[in-house]
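Notes for the one structure printed next.
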Amino acid sequence: MQRMPRRTGLAGIYARWLAASFIALELVTVAAVMFFVMLPMAERAADDLAGLMVLSARTWVELPPETRPVFEAELAEAHHIGLRPSMAPAPDNGLRHGFYIRFLERAFERRLGAEAFFLRETTADGSDWLWIAVPAGGRSIGVGFDTSRLQTNPFGVLAAMLVTGALLVGVLAWRLASRIAEPVARFEHAAAQLAQGTSPELLPETGPRELADLARHFNRMAIQVRELGDARTTLFAGLSHDLRTPLARMRLALEMLTLKPDPALLQRLENDIEEMNRLIGQLLEIARGLRPEAGQPLDLCAWLQARVQVHRAAADAAGASLAVSCPGDLRALAAPDMLARILDNLLCNAIRYAPGPIEVVGQAMPQSPAQPARVRVGVLDRGPAIPQDQLAAVFRPFHRIEGAASLVPGGFGLGLAIVQQLAHANGWVVQLERRGGGGLAAWVEVPVPA
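In terms of my numbering, the sequence shown has 415 at position 415, counting the first letter as 1, and numbering is strictly consecutive.
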């Protein structure tokens, strides 16, 4: 079997992309700072220094000879600038000192109207000076400055920023990518557990909206898969249990018929076959309920009246009375066959377990921005109420409640399971409520036409 190539993890892919993006952003930022901040500032600083040097030379020429030493001392102490009474212009000796000195030479050229070049000298104390000749007062005055003024190292700072930034980018990109990929990794692990047939832990529905929605949908799917598995197990167990009784009666009847034909035994066989057929039919009803059907507008009140008429004879035979309560203008958007199957099951349950006054109700539900317009259909009886802790459990297949209701013949515990399957398949909401004064209310919520 050929092994699948090992793919790069989501965190690794995100880390590379984030690191590349951050480094590119850093380079763009450094370039922008270089060209739009540092170079203009360097050019202006060079122009200011050139102006100060030219002004110093011309001021020195105009000063009385006895004050010049004081002026020179002030320049040297405050600005690290020196003066020479006479200095020939330096030739172009190919000396290059970086972009700042080039800016300085251009500033002198603009001020002096001719090319100007610096001469480099090292003093006895090891200081490095740059000199340039400035014409002033009919003579050529040498003006120089100590290069210690220029000890800033912008390129070194930029390089240090780039190196430090690259290291930080790598760490931060991996951390950020790991945090981004962590929910997806949890989802992948939970999906793998679900694919192996085990029930995964529900995912936390937190974080960004998309991840929270994804976790919520997955949790809903996992719960549905778990419920389907539980329902399948219960279904098979209940089926085997409920088929065993009529099969045992049929076997006994057949043995007795071999000894002596009896019309009563034949009728019992026919009843058992009918009971088995009804059970199988309800199981098929559950299976068919998983397929949704397209909805259509219904005049709900007229539709409810028609469905109640179908059950009128069975209700009369059981001693139950049926009534319909519904506003005349109420409309619903539902598949008629699906809604009929739900209402029929609810009415059959009410007639079987709560013979008496049974009311079929149609109501409009309150509308809000978070809740679209809906209507609900209910079957309300005054029979023995279901205990509060059993209201959710009765939707399980073959679930029976201990008490008098469990002794009523003809039920298999599948009616409400069919109702829930049909409702879920069509996106409807079904619920049971205990009524004040006794009895049970079964409701199903459906949308209304646009």
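Virtual Cβ for every residue (Gly too), placed ideally from N, Cα, C.
Since this is a predicted model, take the numbers as computed values, not measurements.
Going by beta carbon distance, what residues of the same chain come within less than 7 Å of residue i, once the five residues before and after it are set aside?
i      : result
Gln193 : Pro200
Val308 : Leu322, Val324, Val360
Trp17  : none
Pro183 : Gly207, Leu211
Gly289 : Residue confidence is low: Gly289 scores 49 on pLDDT, short of 50, so the model does not pin down where it sits. Its coordinate-derived value is still stated next. Ile418, Gln421, Leu422, Ala425.
Ala404 : Confidence at Ala404 is low in this model, with a pLDDT of 42, below 50, so the placement of that residue should be treated as unreliable; the coordinate-derived value is given next. Result list for Ala404: Pro384, in chain order.
Ala88  : Ala133, Ser140
Arg382 : Ala354, Gly356, Pro357, Gly438, Gly439
Ala46  : Tyr100, Phe103, Leu104, Ala107
Ala320 : Ile351, Pro355, Gly356, Ile358
Asp269 : According to the sequence provided, residue 269 is Leu. The question's Asp does not apply to it. Closer than 7 Å at the Cβ level, and outside the excluded window around Leu269, lie Met250, Ala253.
Glu115 : Glu109
Phe22  : Val169, Ala173
Trp428 : Val444, Glu445, Val446
Arg68  : Trp60
By the DSSP assignment, the alpha helix (DSSP H) with residue i in it spans what residues?
i      : result
Gln305 : 300-310
Val70  : 68-79
Arg434 : That residue, Arg434, is in no alpha helix (DSSP H); its beta strand (DSSP E) goes 429-434.
Ala107 : 99-112
So, are the CB atoms of residue i and residue j less than 8 Å apart?
i      : j      : result
Gly451 : Leu330 : As displayed, the chain neither begins before 1 nor continues past 450, which places residue 451 out of reach and without an answer.
Val448 : Ile342 : no
Ala136 : Gly142 : no
Ala42  : Phe99  : yes
Leu52  : His79  : yes
Glu26  : Gly165 : yes
Thr147 : Asp125 : no
Arg110 : Val54  : no
Where does the unbroken beta strand (DSSP E) through residue i begin, and where does it stop?
i      : result
Val379 : 374-380
Gly142 : 139-146
Arg331 : 331-334
Ala136 : 128-136
Ser321 : 321-325
Gly362 : 357-364
Ala442 : 440-447
Glu482 : As shown, the chain starts at 1 and ends at 450. That puts residue 482 outside it, with no answer to give.
Beta-carbon within less than 6 Å of residue i's beta-carbon, same chain only, minus the 5 sequence neighbours each way: which residues are those?
i      : result
Ala373 : Gln367, Val448
Glu77  : none
Trp131 : Leu119, Gly142, Gly144
Gln2   : Low per-residue confidence applies at Gln2: pLDDT is 48, beneath 50, and the placement is therefore not dependable, though the value from the model is reported in the following sentence. Correct list: empty, nothing qualifies.
Ala57  : Val134, Ala136, Ile141, Val143
Gly138 : none
Met4   : Note that Met4 has pLDDT 45, beneath the 50 cutoff, so the model's placement of it is unreliable and the number below is only indicative. Correct list: empty, nothing qualifies.
Ser435 : What sits at residue 435 in the sequence shown is Arg, not Ser. Result list for Arg435: Ala441, in chain order.
Assuming residue i contacts residue j (C-beta within less than 8 Å), just tell me the rounded distance between them.
i      : j      : result
Leu83  : Leu49  : At roughly 15 Å, the Cβ-Cβ gap does not stay under 8 Å, so Leu83 and Leu49 are not in contact.
Leu451 : Pro336 : With the chain covering only 1 through 450, there is no way to say anything about residue 451.
Val446 : Ala306 : Going by Cβ atoms, the distance from Val446 to Ala306 rounds to 17 Å, so no, they are not a contact pair.
Leu339 : His311 : Not really, about 14 Å apart at Cβ, beyond 8 Å.
Ala441 : Leu380 : 5 Å
Glu205 : Arg220 : Actually they are not in contact, since the Cβ atoms of Glu205 and Arg220 sit about 10 Å apart, beyond 8 Å.
Ala173 : Ala19  : 4 Å
Leu300 : Val375 : 6 Å
Leu304 : Val377 : 7 Å
Excluding the 5 residues preceding and the 5 following residue i in the sequence, name in chain order all residues of the same chain whose CB lies nearer than 8 Å to its CB.
i      : result
Phe218 : Phe187, Ala190, Ala191, Leu203
Pro409 : Unreliable placement is indicated for Pro409, whose pLDDT of 48 sits below 50; the coordinate value is still reported in the next sentence. So the list is empty, once near-sequence residues are dropped.
Glu62  : Gly137
Ala31  : none
Asp344 : Arg307, Val310, His311
Ala73  : none
Pro371 : The residue you asked about is not Pro; residue 371 is Gln in the sequence shown. Taken in chain order, the residues that qualify are Met365.
How about residue i: is its Cβ closer than 7 Å to a heavy atom in the ligand MN?
i      : result
Pro447 : The model depicted lacks the ligand MN and carries no ligand whatsoever.
(message) What ranges does the alpha helix (DSSP H) occupy inside the stretch 34-61, keeping only unbroken runs of at least 4 residues that lie completely in it?
(response) Counting whole runs of 4 or more residues, the stretch 34-61 contains no alpha helix (DSSP H) stretch at all.
(request) Could you pull out every unbroken beta strand (DSSP E) segment of at least 3 residues lying fully inside the stretch 186-231, listed in chain order? (result) none
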